[in-house]
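Student: Here's a structure for you.
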Amino acid sequence: MNSIKSSIKTCIVIILILNITTTTFAQSKNEKADYKIYFSLRENENKNIHIVSYNGKDFENFKVKKGNSSRGENQPAISNDGKKIAFNTYQFGGWKIAAANIDGTGIKQITNSRNYSYNPSFSKNGQWIVYTEKENGRTGTRDIYKVRIDGKNKKRLTQKSKNNYLPSFSPDGSKIVFMSPREGGYKLYIMNSDGSNQARIPEKTKAYAYTSPSWSPDGKQIAFISVSQEAVLDLFIMNTDGSNIRNLTNNKDKFEITQNNVDELSYMYGTSWSPDGKTIVFALKKNGKQKLYTINTDGSNLKALVNTKGNQFNPYWVK
Numbered sequence: 015m016n017s018i019k020s021s022i023k024t025c026i027v028i029i030l031i032l033n034i035t036t037t038t039f040a041q042s043k044n045e046k047a048d049y050k051i052y053f054s055l056r057e058n059e060n061k062n063i064h065i066v067s068y069n070g071k072d073f074e075n076f077k078v079k080k081g082n083s084s085r086g087e088n089q090p091a092i093s094n095d096g097k098k099i100a101f102n103t104y105q106f107g108g109w110k111i112a113a114a115n116i117d118g119t120g121i122k123q124i125t126n127s128r129n130y131s132y133n134p135s136f137s138k139n140g141q142w143i144v145y146t147e148k149e150n151g152r153t154g155t156r157d158i159y160k161v162r163i164d165g166k167n168k169k170r171l172t173q174k175s176k177n178n179y180l181p182s183f184s185p186d187g188s189k190i191v192f193m194s195p196r197e198g199g200y201k202l203y204i205m206n207s208d209g210s211n212q213a214r215i216p217e218k219t220k221a222y223a224y225t226s227p228s229w230s231p232d233g234k235q236i237a238f239i240s241v242s243q244e245a246v247l248d249l250f251i252m253n254t255d256g257s258n259i260r261n262l263t264n265n266k267d268k269f270e271i272t273q274n275n276v277d278e279l280s281y282m283y284g285t286s287w288s289p290d291g292k293t294i295v296f297a298l299k300k301n302g303k304q305k306l307y308t309i310n311t312d313g314s315n316l317k318a319l320v321n322t323k324g325n326q327f328n329p330y331w332v333k
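Numbering (our numbering), first residue to last: 15 to 333.
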């Protein structure tokens with residue numbers, strides 16, 4: 015009798031364990047299935063924003079519901095609450111930053127100077143956008159500004175003789191990482207969100223340039239593209255103080271760029287962390303074609319995300 019009771023208890027425990035395991039797996043699977051990646055796609059001279067699922071199977075075009083720009087929209091950034099999208103557009107005469115609801119409705123112009131604007135990034139509360147502004151349209155230096163989502167309270171954050179590019183708010187909104195050649199070579203810097211305490215991140219590699227920085231969800235690490243002196247690209251991650259730097263791709267597929275071009279470095283690539291911080295999506299060139307790839311943060315499971323015509327760049331991973 016005791017043996018029967020013991021067997022019944024054992025069966026109950028096994029069933030409970032299996033149920034918990036199955037539930038946990040299902041929740042993990044369903045959570046991952048909600049992940050989406052917004053990115054830019056360039057075909058000929060047209061740029062458009064597209065959306066793809068984390069596994070590359072579901073693919074759709076993001077359509078802005080107002081206006082018509084022959085050059086399209088690109089460089090998507092999503093607010094922390096998932097309700098707003100900011101992007102680069104030519105709808106308002108020259109490249110400007112605009113924002114819309116996540117379904118593409120309610121588009122509003124954010125920047126309105128004669129200068130060109132690029133690379134938007136939302137603050138944690140979604141009330142501010144930091145971006146790159148290029149003086150005199152196509153010419154002139156580039157500096158980093160921030161502005162409220164309604165286009166007011168514009169503030170210049172960098173005022174150096176050299177260009178400053180690719181700003182990105184930290185997850186808590188207190189810091190901004192960006193790229194600049196101010197000390198020789200294109201390196202990464204961090205400043206406070208008000209522009210104070212600008213400091214270069216120490217690095218241990220002798221690269222030509224670091225570009226496309228993005229913060230890990232916990233704000234402790236930064237992913238970026240490193241361009242070697244031989245014009246070979248690799249995906250790296252490091253702590254925000256420059257320590258624990260790791261090459262995730264190690265030239266496995268001989269990613270290369272065609273030329274060390276500053277404009278190309280400032281917009282044709284991109285990195286973004288998955289919401290759980292375990293995977294990174296990034297854009298690199300292979301055999302002359304720009305594609306999106308995903309890789310785990312330990313360097314495993316490198317794979318192309320989706321096949322399309324044209325060049326893929328500026329990925330932004332959201333849940």
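Ideal Cβ positions, reconstructed from N, Cα and C, are used throughout, including at glycine.
State the CB to CB distance for the pair residue 12 and residue 112, rounded to an integer number of angstroms; the pair is presumed to be in contact (CB under 8 Å).
Tutor: With the chain covering 15 to 333 only, the question about residue 12 has no answer from this structure.
Student: Three or more C-beta pairs closer than 8 Å, one from the segment 224-244 and one from the segment 140-147: is that the case here?
Tutor: No, the segment 224-244 does not touch the segment 140-147.
Student: Is there a C-beta anywhere in chain D that falls below 8 Å from the one on residue 140?
Tutor: No chain D appears in the structure shown, which is made up of a single protein chain.
Student: Which runs of the beta strand (DSSP E) at least 3 residues long sit entirely within the segment 146-188? Give them in chain order.
Tutor: Counting only runs of 3 or more, we get 156-162, 179-183.
Student: Determine which residues share a DSSP beta bridge with residue 109 and list them.
Tutor: None; residue 109 has no bridge partner.
Student: Are the CB atoms of residue 324 and residue 156 nearer to each other than 8 Å?
Tutor: Cβ atoms of residue 324 and residue 156: not closer than 8 Å.
Student: So is residue 61 buried or exposed if we call it buried at 16+ other beta carbons inside 10 Å?
Tutor: It counts as buried.
Student: Go to residue 227, then tell me how far its beta strand (DSSP E) extends in each direction, as first and last residue.
Tutor: Residue 227 -> beta strand (DSSP E) spans 223-229.
Student: Within a Cβ cutoff of 7 Å, which residues of the same chain sit near residue 231, ignoring the five residues on either side of it in sequence?
Tutor: Excluding sequence neighbours, residue 231 sits near 185, 287, 289, 291.
Student: So, helix, strand or coil for residue 279, using DSSP?
Tutor: In the structure shown, residue 279 sits in a helix (DSSP, three-state: H, G or I).
Student: Go ahead and label residue 87 buried or exposed: buried means 16 or more other beta carbons lie within 10 angstroms of its beta carbon, across all protein chains shown.
Tutor: By the neighbour-count rule (16 or more Cβ atoms within 10 Å), residue 87 is buried.
Student: Between the alpha carbons of residue 197 and residue 71, how many angstroms are there, rounded?
Tutor: Answer to the nearest angstrom: the Cα atoms are 43 Å apart.
Student: Please state whether the Cβ-Cβ distance between residue 216 and residue 182 is less than 8 Å.
Tutor: The answer is no: Cβ separation not under 8 Å.
Student: Distance check for residue 207 and residue 400, CA to CA, integer angstroms please.
Tutor: Given a span of 15 to 333 for the chain in the structure shown, any question on residue 400 remains unanswerable.
Student: Please classify residue 306: does DSSP put it in a helix, a strand, or coil?
Tutor: Strand at residue 306.
Student: Helix, strand or coil, according to DSSP, for residue 285 in the structure here?
Tutor: Of the three classes helix, strand and coil, the one that applies to residue 285 here is strand, per DSSP.
Student: At the level of alpha carbons, what is the spacing between residue 122 and residue 160?
Tutor: Distance between the alpha carbons of residue 122 and residue 160: 16 Å.
Student: Using only alpha-carbon positions, find the residue among 282, 281, 310 that is nearest to residue 295.
Tutor: Out of 282, 281, 310, 310 has the C-alpha closest to the C-alpha of residue 295.
Student: Using beta-carbon positions only, say whether residue 68 and residue 332 come within less than 8 Å of one another.
Tutor: No.
Student: Count the other C-beta atoms from every protein chain shown that fall within 10 angstroms of the C-beta of residue 48, then say buried if there are 16 or more, exposed otherwise.
Tutor: Residue 48 comes out exposed.
Student: Check this for me: beta carbons of residue 298 and residue 320, under 8 Å apart or not?
Tutor: For residue 298 and residue 320, no; Cβs fall outside 8 Å.
Student: Quick one: residues in its chain with C-beta nearer than 6 Å to the C-beta of residue 75, no 5 flanking neighbours on either side, listed in chain order?
Tutor: For residue 75, where only same-chain residues beyond five positions count, the Cβ hits under 6 Å are 64.
Student: Under the DSSP definition of a beta bridge, which residues are partnered with residue 104?
Tutor: Answer is none; residue 104 lacks a bridge partner.
Student: Based on Cα-Cα distance, which residue from 247, 279, 280, 236 lies nearest to residue 259?
Tutor: Among 247, 279, 280, 236, the Cα nearest to that of residue 259 is on 236.
Student: Out of 300, 211, 168, 127, point me to the one whose CA is closest to residue 106's CA.
Tutor: The candidate whose alpha carbon is nearest that of residue 106 is 127.
Student: In terms of alpha-carbon separation, which member of 93, 200, 263, 100 lies closest to residue 78?
Tutor: Among 93, 200, 263, 100, the Cα nearest to that of residue 78 is on 100.
Student: Got a sec, what are the start and stop residues for the beta strand (DSSP E) residue 235 sits in?
Tutor: Element bounds for residue 235: 235-241.
Student: Does the distance from the C-beta atom of residue 199 to that of residue 172 stay below 8 Å?
Tutor: Against a cut-off of 8 Å, the Cβ pair of residue 172 and residue 199 comes out as no contact.
Student: How would you label residue 154, buried or exposed, when you count the other beta carbons within 10 angstroms and need 16 or more for buried?
Tutor: Residue 154 comes out exposed.
Student: Quick one: Cα of residue 252 to Cα of residue 327, how far?
Tutor: If you take the alpha carbons of residue 252 and residue 327, they lie about 22 Å apart.
Student: Use the C-beta contact count for residue 308: other C-beta atoms within 10 angstroms, 16 or more gives buried, fewer gives exposed.
Tutor: Per the 10 Å Cβ criterion, buried.
Student: Consult DSSP for residue 143 and reduce its assignment to one of helix, strand or coil.
Tutor: Note: residue 143 maps to strand in three-state DSSP.
Student: Starting from the C-beta of residue 256, find all residues in its chain whose C-beta is less than 8 Å away, skip the five residues before and the five after it, and write them out in chain order.
Tutor: Closer than 8 Å at Cβ, skipping near neighbours: 215, 216, 217, 218.
Student: Considering Cα atoms alone, identify which of 50, 262, 192, 322 is closest to residue 254.
Tutor: Ranking the options by Cα distance to residue 254, first place goes to 192.
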